[in-house]
Amino acid sequence: MKTTGTRPLHVGQLNLPEEEAFRSAFQGIFDRRFFANHGPLEQQLDAALADYLGVRHAVSMVNGTAALAILLRALDLQGEVILPSFTFPATAQALVWAGLKPVFSDVDPETQAISAGIVEGLIGPHTSAVLGVHVWGRACDPEGLAALADRRGLTLLFDAAHAMGCSYRGKRIGGFGRAEMFSFHATKILNGAEGGCITTNDDDLAVRLRAMRSFHDVVPPVPGLLRMNAKISEAQAAMTLLGLDQLPQLIEANRRRYRLYRRELAGIPGLTFVDHAASEESNFQFVVVAVAGGTAGLSRDALLQVLAEDRILARRYFHPGVHRIAPFRDAAPPELPVTDSLCDSLLQLPSGQAITDQDVLETCARIRTAAGGTA
Ligand SMILES: *Cc1c(COP(=O)(O)O)cnc(C)c1O
């Protein structure tokens, strides 16, 4: 089942469960003839996620984007929500689905995330919430944003799609703000073959989310609530549970690849690593380098091209900023100079289960040669 040592090399994690465990989990689904509609695996998954993340509730759904849109509706938010432009487009798309107006913020050049200081100036009379993104799994100023949200009467939410298994000051991401969203997309460290969840310590919100993810009456009815079919299937729940079991090993293997990249790419002028905070737990899901224009011997985009010729599919992620893509770009996009500069300089290198140490060494050798050094 493993595709070790084969090209192309991908950036996304694409982690697979052990084949035997996968077969037996799916055999269970077939034996029970229970494929969806809040089966035993959905319930087991919600409990396992809440336990692992140290939160009162995890409500799993069909994917992260739908989960986020449903969360925004469950909170009955109105008006404008401040979020970074330096994120995956789905963060902003979910807001629009929920009838909200995204207000794009620039980010801090060091953390590459929004902070209380940056966001405060964007708060207006219609602002109802702030949606932070834990980019690369690094916590997005949870304390500063919480204090700001309290002071200004705003709801604080986080897109934690990058942050499964990551921590802030010894506490797992998942319990910050009013609620957080995780994704189990195949490119993330926890692969449910699509899937996602909302985590929260708010009992009432959890009841609403459980009602809204389903058109079925299997949960206590909550009058007046708009519902959706966003249930996670038993097949997705089975995949996600298997991934959760493997998570410590997946993180350890990511960490090993990350360290190998750092060692092999050390000392290339103009090439710097995006650090995972040493004092915190990280999932090392992303290996991100910044290529300063010109100094590395060639530009970020030229390096991307050189690698692609070798079927090493490095990625520009995120590119461009969400404020520059349809339908969000308008006649006068906001000035977000830090976001634009990150979009122009960052490159993700292949990682995840299918990437062998040999793949990493070959990728690094290719970069070193392209940058004008010797391999
Ligand atoms: C993957 C991702 C999403 C979307 O999650 P899906 O489960 O694919 O819908 C949202 N935000 C960020 C930052 C992501 O990386």
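Under my numbering, read the sequence shown as residues -14 to 360, first letter to last.
No residue lacks a Cβ here, since even glycine has one placed at the ideal position from N, Cα and C.
No experiment lies behind these values; they were computed from the predicted model shown.
Residue i: CB within 8 angstroms of a non-hydrogen atom of ligand 1
i           : result
residue 104 : no
residue 179 : yes
residue 216 : no
residue 75  : yes
residue 144 : yes
residue 48  : yes
residue 30  : no
residue 304 : no
residue 53  : yes
residue 172 : yes
residue 273 : no
residue 161 : no
residue 70  : no
residue 115 : no
residue -5  : no
residue 118 : yes
residue 147 : yes
residue 169 : yes
residue 166 : yes
Burial state of residue i (16 or more Cβ within 10 Å)
i           : result
residue 333 : buried
residue 94  : exposed
residue 0   : buried
residue 138 : exposed
residue 25  : exposed
residue 15  : exposed
residue 90  : buried
residue 363 : Residue numbering for the chain in the displayed model covers -14 to 360; residue 363 lies beyond these limits and cannot be assessed.
residue 5   : exposed
residue 364 : Limits of the chain in this structure are -14 at one end and 360 at the other, which puts residue 364 out of reach.
residue 357 : exposed
residue 201 : exposed
residue 165 : buried
residue 83  : buried
residue 54  : buried
residue 9   : exposed
residue -11 : Any answer about residue -11 is weak, because its pLDDT of 49 lies below 50 and its placement is not dependable; what the coordinates show is given next. Residue -11 should be labelled exposed.
residue 27  : buried
residue 193 : buried
residue 231 : buried
residue 208 : exposed
residue 128 : exposed
residue 12  : exposed
residue 264 : exposed
Residue from the options whose Cα sits closest to the Cα of residue i
i           : options            : result
residue 116 : 134, 123, 122, 109 : 134
residue 322 : 41, 178, 92, 101   : 92
residue 364 : 209, 126, 175      : Residue 364 falls outside the range modelled here, since the chain spans only -14 to 360, and no answer is possible.
residue 275 : 302, 294, 59, 266  : 302
residue 56  : 114, 106, 109, 69  : 114
residue 259 : 120, 39, 20, 105   : 120
residue 67  : 128, 76, 158, 350  : 76
residue 17  : 80, 194, 220, 49   : 220
residue 226 : 33, 105, 310       : 33
residue 233 : 37, 48, 19, 30     : 37
residue 248 : 314, 236, 182, 345 : 345
residue 257 : 149, 73, 327       : 327
residue 7   : 224, 183, 311      : 224
residue 46  : 318, 78, 309, 179  : 179
residue 154 : 347, 319, 124, 177 : 124
Strand pairing of residue i, partner residues [DSSP]
i           : result
residue 166 : 144, 183
residue 78  : Beta-bridge pairing links residue 78 to no other residue.
residue 157 : 152
residue 332 : 274
residue 67  : 88, 115
residue 42  : 185
residue 258 : 274
residue 34  : In DSSP, residue 34 forms no bridge with anything.
residue 297 : -6
Cut-off 8 angstroms between Cβ atoms - residues of its own chain near residue i, not counting five sequence neighbours on either side
i           : result
residue -13 : Since pLDDT at residue -13 reaches only 42, below the 50 mark, its modelled position is unreliable, and no value is offered.
residue 243 : 261, 269, 272, 336
residue 298 : -7, -6, -5, -4, 292, 335
residue 131 : 141, 161, 162
residue 64  : 85, 86, 111, 112, 113
residue 156 : 39
residue 360 : Residue confidence for residue 360 is low, a pLDDT of 46 falling below 50, so the modelled location carries little weight; the figure read from the coordinates is stated next. Within the same chain, residue 360 has close Cβ partners 350, 351, 353, 354.
residue 22  : 199, 201, 203, 216
residue 342 : 241, 242, 245
Own chain, CB closer than 6 angstroms to residue i, minus 5 neighbours either side, in chain order
i           : result
residue 331 : 273, 275
residue 296 : -8, -7
residue 212 : 197, 200
Neighbourhood of residue i by C-beta distance below 7 angstroms, restricted to the same chain and skipping five residues each side
i           : result
residue 267 : 122, 151, 261
residue 289 : 299, 301, 332
residue 145 : 119, 158, 159, 165, 166, 167
residue 74  : 307, 310
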